[in-house]
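Notes for the one structure printed next.
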Amino acid sequence: MANVKTYYKSKSGETNLTDNFKVKEFACKDGTDKLLLDMDILPILERFREYVEAPYSPNSAYRTVSHNKKEGGSSNSYHLYGRAFDIPFKSSYKNLTSTDYMCKFFNTLGLKGIIKYPTFVHIDTRTGSKYHANNKKQRLTFGTVNIPFKGNLKNGSKNIYVGIMQFKLKMLGYSVGNADMIFGSNTEKAVRAFQKANNLSVDGICGKNTWAKLF
Ligand SMILES: [Zn+2]
Numbered sequence: 001m002a003n004v005k006t007y008y009k010s011k012s013g014e015t016n017l018t019d020n021f022k023v024k025e026f027a028c029k030d031g032t033d034k035l036l037l038d039m040d041i042l043p044i045l046e047r048f049r050e051y052v053e054a055p056y057s058p059n060s061a062y063r064t065v066s067h068n069k070k071e072g073g074s075s076n077s078y079h080l081y082g083r084a085f086d087i088p089f090k091s092s093y094k095n096l097t098s099t100d101y102m103c104k105f106f107n108t109l110g111l112k113g114i115i116k117y118p119t120f121v122h123i124d125t126r127t128g129s130k131y132h133a134n135n136k137k138q139r140l141t142f143g144t145v146n147i148p149f150k151g152n153l154k155n156g157s158k159n160i161y162v163g164i165m166q167f168k169l170k171m172l173g174y175s176v177g178n179a180d181m182i183f184g185s186n187t188e189k190a191v192r193a194f195q196k197a198n199n200l201s202v203d204g205i206c207g208k209n210t211w212a213k214l215f
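For the sequence shown, the numbering used here begins at 1 and goes up steadily by one.
Printed below as a string of structure tokens:
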């Protein structure tokens, strides 16, 4: 289930959601005050920024119905619900040197909705079946990249690595709650279940082996 929150640019546009992203960056480009945002995407966007070592803002995130029409979006677009994000490709990015590599990165993190465009990549927080494709609706299979292990994650840990771990577990069908970047008891239960299912030692701590199996 998505964790969609409602914001108003006039009230909280300048509010920092994470170290690098403000509310206003997710607003509709038509100037509408109200916006929707699935908070689960935040650790993904932060980890991407860290990976490419460069700042960026989504080209497009929340869209009103009329703006979505103007942009040629489909009538049931995830952009309408604050659950889709068009991430630009920039030549200043390190490590991910093309939209292909961006797709591999998002695939490794478990995103089920990935659409490759020539100059950006659309990602969304859909659950259920995967839609990995290009802008011509041709289905694609993306490879993976190495997501480095940054240290043990356990009950009480709070960081973006917890967030991407929660997101991946959620996409794999574990009931972890929201990807809120806080390792609590639901997250621990999900880690234990994942470890058990993958013949790892079941300690509820996401260490090197659990991380390697996840990513
Ligand atoms: Zn999009």
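Where is the CB? At the ideal position from N, CA and C, for every residue including glycine.
Residue i vs residue j beta-carbon contact at 8 angstroms
i    : j    : result
H79  : S57  : no
Y161 : N135 : no
V52  : N95  : yes
T125 : I41  : yes
T6   : K29  : no
N155 : G184 : yes
D38  : N3   : yes
A190 : S175 : yes
S12  : A54  : no
L194 : I147 : A quick correction: the sequence has Phe, not Leu, at residue 194. Against a cut-off of 8 angstroms, the Cβ pair of I147 and F194 comes out as no contact.
G82  : L36  : yes
Close-in-space but distant-in-sequence residues of the same chain around residue i (CB under 8 angstroms, 5 per side omitted)
i    : result
G73  : R63, H79 and L80
V121 : D86, I87, F89, T99, M102, C103, F106, I114 and I115
H67  : C28, K29, D30 and T32
Y8   : D33, K34 and L35
Cβ neighbours of residue i in the same chain (closer than 6 angstroms, five flanking residues each side left out)
i    : result
T32  : T64
Y177 : Rather than Tyr, the amino acid found at residue 177 in this sequence is Gly. If we look at G177 and ignore the five residues flanking it on each side, its Cβ neighbours are N186.
T130 : According to the sequence displayed, residue 130 carries Lys and not Thr. So the qualifying residues of the chain are K112.
G207 : N152
T119 : F89
N209 : L200
R192 : V202 and G204
T127 : none
Same chain only: Cβ atoms within 7 angstroms of residue i, ignoring 5 sequence neighbours per side
i    : result
F142 : C103, K104, N107, I114 and H132
M181 : P43, K158, N159, I160, V162 and G163
T18  : L42 and E46
S10  : D33
K70  : none
W211 : F149
E188 : N155 and G204
T144 : K104, N107 and T108
Exercise for the section: Give every residue whose Cβ lies closer than 5 angstroms to any heavy atom of ligand 1, listed in chain order. Expected result: Qualifying residues come out as A84, D86 and H122.
Practice task
Give a yes or no on contact between the region 193–203 and the region 18–30, applying the rule of three or more CB pairs nearer than 8 angstroms.
Solution key: In short, these stretches do not touch, since the Cβ pair count stays below three.
Problem - Any 3 or more C-beta pairs closer than 8 angstroms across the region 165–179 and the region 105–113 - result: Judged by Cβ distances under 8 angstroms, the region 165–179 makes contact with the region 105–113, as three or more pairs qualify.
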